[in-house]
Each structure stands twice: as structure tokens, then as C-alpha cells.
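Protein chains: 2
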Amino acid sequence: MPAHRTPAGSARDRILETAFRLFYAHGPRGVGVDTVIAESGVAKATLYKHFPRKDDLVLAYLDRVDQAWFGALRAAARDAGDEPRDQLVGMFDALASACRRDGYHGCAFINTAAESPAGGPVHARTVEHKTVVRAWVTELARQAGAADPELLARQLTLLLDGGLAGGVLDGDPVIADAARRSARTLVDAALR
Amino acid sequence: MPAHRTPAGSARDRILETAFRLFYAHGPRGVGVDTVIAESGVAKATLYKHFPRKDDLVLAYLDRVDQAWFGALRAAARDAGDEPRDQLVGMFDALASACRRDGYHGCAFINTAAESPAGGPVHARTVEHKTVVRAWVTELARQAGAADPELLARQLTLLLDGGLAGGVLDGDPVIADAARRSARTLVDAALR
DNA sequence: GCGGCAGCAGACGGAACTGTCTGTAGAATT
DNA sequence: AATTCTACAGACAGTTCCGTCTGCTGCCGC
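Residue numbers (my numbering), protein chains in the order written: chain A, 1 to 192; chain B, 1001 to 1192.
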């Protein structure tokens, strides 16, 4: 697995990077395999060797999104200090950052799920992602001493989803601000 | 404009009804014009006479969704009593009802916007819809005596969006319940 | 009775997309 | 030096989908 390397990273990396950029901007369905090939400077056979079906590439894309978003969420929480109750609010800074980022288009999972068949692997992966994030928030809520950690986590992830969903239209930072204030209110009420 | 009538309603109505059903279930992009034609029992030329482009049909579909959803929201608010502060919470019953409805797939606007090009008419219509709903909520918040009606409206519509967005995956009523509780907490805090 | 209108039926062209296949080049291993 | 692996380049078939176009039918108002 070492060596080989073409110009910028391995072929696989170039494919994934290009797919990430194009899929997020136009949605997986809005991007043809030929476009990914052209923009990543890769041969068609190479792409189909690494990802036998387009769906495989889409799932790999979602895994990347999962890593990036969940990572940003945890980093934002960590930066908010040591108190779990502050971290629960601080994670919304990740939403604010995302809104301000150029080319922001909302939640990649929701966007992709919206254009994928109902029982398919994309939906399964999306549910998994949402479940993992909510479990993490639940643990944080438990550490903070919430009476009903599951409920608080559900409420906060609901806010996150709402903020992300609205992002498909515009990345108005006002949305992130409203979400953060809501989170503060809900956390305070839950820990009263 | 009277008479004519084929089996069930005018051709236009049949087209719209079929498009509504199919578009909501699979997303406009996942449904070919030929499918709409086959299932509505209409001639291709007839469809293209009423809706010269597929986009026109998609926009008409969104208008229908707007009427239905906004109507359900207002009805739920009305059913919650005469007090604006109760109506602000009561409108979340529309979300609960939607979650329980068979074939529920989340917010048609967000789902459609997710698969449409960024600057296009679909996005414009979606923004318009969200703006109208939020304006209505803002007025309700003002009547309830909120210090910052715009903020409260933003927070509540954020919850609505979050609840709807999650619906793409599953229509878990727990989500609607969490949203309703959040709304109660936020409204109480804003009117303290 | 007749012209126009609304609609049905289906063929057609052109484009886009997915996935397969053939052939070639360069680097690493043996 | 020969083989093998990875990758490039591009043709190709098969499907799907949008939008147009040509006939044909039945109902209305004039």
C-alpha cells in the first residue's frame, strides 16, 4: 500500500476529495460519475475498482462527512470549557462556524437522504450517524446532571438538525445564534 | 372552464394529485415525467400544455405543500385555544400529526431544495414559504407579549424545521414530543 | 352542422448517466 | 529482465429521462 502516488495523493484520495466537494455542492444525484472522473483526473476503471458502485462512493462520502462534523462538534464542546453544561451549549459554535463557511449548504446527511430511496443504505448510514451523535450528547447531558438526559439530548439535536436543515437555503448566522440561545435556555431549564 | 371532466376531476387536477403523491414519496428528481403521465392516466401533450417544464410542475407541487402545511399549522394553533402563548405551543401538534401520518417523509420543501440547484426557483419558493410561516409566528409571538418576537419566532421555526428534517428518516413521534416540550420551555422563558 | 378545444396515444430525437471493456504506460517486485 | 500491480485513456452498450411532434377522438358553443 505504500508508494505509487500520483501527483497529489493516491488516486483513491483524489477521488474522495473530489467527490466530497462535488457531492456536497450539488448532491450526489446531481453529479455524474464522469464529472468526478474528469475533475479528479482519474481513469474510469480506477474509480470503479475502488468503488464498484456509485453508492459505495456516496457512502464513503458520508463517512467523511461524519468524521468532519462529529469532530467539529466535539472540538467546539471541548473549547467551551470543562463543565458539561457549558459544553452542551458550546457545541453550537460548530454550527455557527459551519454557517459562516463558504459554500455551506446544510446537512450533507439530510440532503443526501432526501434524494435516496427510503429503505436503502444511505438512510441506514444517516440514522447511524444521528444516533451516534445523540448518544454522545446524551452522555454529556448525563454528566451535566440532567434529570432526563435522553430528552435534553433529543431537544438539543433537534435544534442542531433544524439549524443544519435551514442551511440548505442560506447560511444565515442568525440561525446559529438563535439555536445557541435556545440551547442555553433548554439546558438551564433542564438543570434547574 | 366548466364541464369536460374526465373520470376523476380535470386532467390538471389529476396531474397535480399524482405529482404530489409521487414527488413527496421519492423526491421530484426521483420521479420521471413518464411515470407521472402513466399514473395519472394523462397524455404527455396534456401535461406539457399545463406545465411547459418539469420545473413548473415542481413549483405547483410546492405551492400545494405550502397550502397544506401552513393550513395545518394554523389549524393546530387555532385548536390550542385563544391565548397566543398557547397557540405558539399548540402549532407543534401539526408536527405530531404529520409524524403519525402514513408515508411521512419530512419537509417537502427542504427535501426538494436539497436536490435543486442553489440559485434556482425552487430555492426562492422555499425561502418564500419559510419567510411567510416565520412572519406568522412572529406576529403570534408579538401578540403573546414576547420581548423579542423575532427571536422567539426564529427559535420556534428552528424547532419545526428540525422536527421536519428528521422526518426524512423516520416519523418518530418522540421527536414531535421533544419539539413541543422545547417550545413550551422557550415560550415560558420568553414571556417571563 | 361545424370549427375549435381539450384530451388521449405513442413515436421520436437528443442528452445524460451508469457500468464494462480494451489497450497502454510506468513503477515495483522478484 | 520479466512479471505484476496500479493507473490512465477512451470507446461502448444499455438505460433513463426530458421535451416535441404527429395523429386521432369526443364535446362544446356558434
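Beta carbons: idealized from backbone N, C-alpha and C, even for Gly.
Quantities reported herein were computed from a predicted structural model and do not represent experimental measurements.
* Are the beta-carbon atoms of F92 of chain A and V65 of chain A separated by less than 8 Å? -> no
* Asked: In chain order, what residues of the same chain lie with their CB nearer than 7 Å to the CB of G145 of chain A, ignoring the 5 residues before and after it?
  -> L191
* Can you name, in chain order, every residue of its own chain whose Cβ lies under 7 Å from the Cβ of A189 of chain A, other than the five neighbours on each side? -> none
* 8 Å Cβ cutoff, G30 of chain A in contact with chain B -> yes
* Within the 8 Å Cβ cut-off, does E1128 of chain B reach chain A? -> So no, E1128 of chain B is outside the interface.
* **Minimum C-alpha distance to R134 of chain A - residue among A:D79, A:L186, A:L151, A:V58** => A:L151
* Looking at chain A, which residues of the region 1139-1172 of chain B have a Cβ within less than 7 Å of any of its Cβ atoms? -> Going along the region 1139-1172 of chain B in chain order, one finds L1151, R1154, Q1155, L1158, L1159, D1161, G1162, G1163, A1165, G1166, V1168, L1169 with a Cβ nearer than 7 Å to chain A.
* Chain-ordered chain A contacts of L1186 of chain B [CB-CB under 7 Å] -> S182, T185
* Asked: In terms of alpha-carbon separation, which member of A:C99, A:V58, A:A141 lies closest to G193 of chain A?
  -> Any property of residue 193 of chain A remains undetermined from this structure, which presents chain A solely from 1 to 192.
* Asked: Going straight from the alpha carbon of Q1067 of chain B to that of L1095 of chain B, what length do you get?
  -> 15 Å
* Asked: What's the call for G41 of chain A, buried or exposed, on a 16-neighbour Cβ count within 10 Å?
  -> exposed
* **Interface residues of chain A facing G1027 of chain B [CB-CB closer than 8 Å]** => Simply A114, E115.
* Asked: Quick one: does A1179 of chain B have its CB under 8 Å from some CB of chain A?
  -> yes
* Asked: From V122 of chain A to D1082 of chain B, what distance separates their C-alpha atoms?
  -> Rounded to the nearest whole angstrom, the C-alpha separation of V122 of chain A and D1082 of chain B is 44 Å.
* Asked: Using 8 Å as the limit for Cβ to Cβ distance, is A189 of chain A near chain B?
  -> yes
* Closest Cβ-Cβ distance between I1037 of chain B and chain A: below 8 Å? -> No - not a single Cβ of chain A is within 8 Å of the one on I1037 of chain B.
* Neighbourhood of E17 of chain A by C-beta distance below 8 Å, restricted to the same chain and skipping five residues each side -> G9, S40
* Asked: What residues in its chain sit with their C-beta under 7 Å from that of R125 of chain A, if we drop five residues either side in the sequence?
  -> L59, L62
* Look up C1099 of chain B in the DSSP assignment and say whether it is helix, strand or coil. => helix
* With 16 other CB atoms within 10 Å as the buried threshold, where does G1106 of chain B fall? -> Counting the other Cβ atoms within 10 Å of the Cβ of G1106 of chain B gives 16 or more, which makes it buried.
* To do: Please state whether DSSP places A72 of chain A in a helix, a strand or coil.
  => helix
* Taking 8 Å as the cut-off, decide whether the C-beta atoms of L158 of chain A and I1175 of chain B are in contact. => In this structure, L158 of chain A lies near I1175 of chain B, with their beta-carbon atoms less than 8 Å apart.
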